[in-house]
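Presented below is the structure to which this report refers.
In the numbering used here, the protein residues as written are 613 to 710.
Right under this line is the structure:
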């Protein structure tokens with residue numbers, strides 16, 4: 613009998629992701645910040661690339677949690693966490709569910 617899949621929010625990566633999203637959102641209006649990335653257009657390109665990667669990771673996490681036997685609610689929680697945080701969520705998942 614396998615143990616049920618548990619959920620817990622990885623605190624530090626969640627804070628880092630929130631700060632990064634806020635920096636991108638508010639930094640677009642600040643030319644000095646945007647110029648670090650080559651201007652607003654490049655900043656947006658990086659943000660969209662990262663967003664696409666996170667969507668792919670979230671899809672993989674959904675399939676993985678369902679494969680591991682998680683219920684639908686827990687799978688959705690992990691998927692949304694993966695969407696926002698990215699790969700650190702997978703490491704946290706492995707830490708608390710192995």
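Ideal Cβ positions, reconstructed from N, Cα and C, are used throughout, including at glycine.
Among the options, nearest to residue i - alpha-carbon criterion
{"i": "residue 623", "options": "658, 697 and 676", "result": "697"}
{"i": "residue 629", "options": "648, 659, 688 and 710", "result": "659"}
{"i": "residue 640", "options": "703, 691 and 656", "result": "656"}
{"i": "residue 669", "options": "703, 637, 631 and 648", "result": "703"}
{"i": "residue 699", "options": "680, 710, 709 and 662", "result": "662"}
Residue i vs residue j beta-carbon contact at 9 Å
{"i": "residue 666", "j": "residue 695", "result": "yes"}
{"i": "residue 617", "j": "residue 686", "result": "yes"}
{"i": "residue 705", "j": "residue 677", "result": "yes"}
{"i": "residue 674", "j": "residue 688", "result": "yes"}
Cβ-Cβ separation, residue j to residue i (assumed contact under 8 Å), whole Å
{"i": "residue 619", "j": "residue 690", "result": "6 Å"}
{"i": "residue 682", "j": "residue 625", "result": "Actually they do not touch by this definition, with Cβ atoms about 20 Å apart."}
{"i": "residue 715", "j": "residue 709", "result": "For residue 715 there is no data in the structure shown, the boundaries of the chain being 613 and 710."}
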